[in-house]
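Residue numbers (my numbering): 362 to 512. Just so it is clear, CB atoms sit at the ideal spot from N, CA and C, and this is done for glycine as well. Let me begin by presenting the structure, written as C-alpha cells, before commenting on it.
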Amino acid sequence: KKAEEVLTEYHRLLQRGLLPMEAEVTLLKGITPRTEKSSRSIGLIGHPYCLYDSYLNLDTIDLLRNKGFKVLVPEMFSRRQLEIELADLSKPLFWTLGQRILGSFRLMWKQGVEGVIYLSAFACGPEALIGELVKKEGKAVGMPLLQLDLD
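This is the structure we're talking about:
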C-alpha cells in the first residue's frame with residue numbers, strides 16, 4: 362500500500378513538470394527543486410538512458426535550462442495521455458519506449474514547445490524507425506526538430 366502511494370505521488374510530481382531525479386529527491390528528502398518560470402519551452406525526447414545520463418548527453422538538460430528554457434520530457438505525460446495520443450495510428454507501435462517517444466512528441470507539439478531535441482542511440486534499430494516517424498510528423502506540423510545521435 363505504501364509503495365503504491367509513493368509511486369502515485371512520484372507520477373503526480375512528474376506530471377507537474379519535475380524531472381525524474383527531481384521527483385526522487387522531493388520524495389526521499391523532502392527538498393522541492395526550483396521551478397522553471399520561463400515562458401519558453403523545449404521538448405527533449407529519447408530513451409531514458411540518453412536523456413538522463415549527463416555524461417553521455419553532455420548535460421543537455423542543464424544547458425537548456427541555463428539558456429532559459431523549460432524542458433519537457435516524456436515522463437511528464439501519463440500512460441493514458443500517450444494512449445489517447447497514439448490511438449489514431451493505423452498500426453500500434455510494438456515498442457513501449459517508441460510509444461512514449463512518439464506520443465510525447467505529439468503532446469509536446471500540442472503544448473506549444475518551440476522545438477524538440479531527439480537524443481537517440483547510435484545504431485539502435487527500433488530508434489531508427491521511431492526517429493523516421495517523428496521526423497515525418499514534425500515536418501507535417503512544422504515543428505523544429507533536432508535529432509542528435511549519441512555514441
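With respect to the 8 Å criterion, L405 and L433 are classified as neighbours on the basis of their beta carbons. Note: S402 is bridge-paired with K431 in the DSSP secondary-structure output.
Within the stretch 418-496, the beta strand (DSSP E) runs of at least 3 residues that lie entirely inside it are, in chain order, 431-433 and 477-482.
By DSSP's assignment, Q508 forms a beta bridge with Y479.
L425 and K431 have their C-alpha atoms some 8 Å from each other. In the DSSP annotation of this structure, the continuous segment of the alpha helix (DSSP H) that includes K390 starts and ends at P381 to K390. The shortest C-alpha to C-alpha distance from P435 to any of A482, H408 and W456 is the one to H408. Per DSSP, reduced to three states, the secondary structure at G503 is coil, with no helix or strand assignment.
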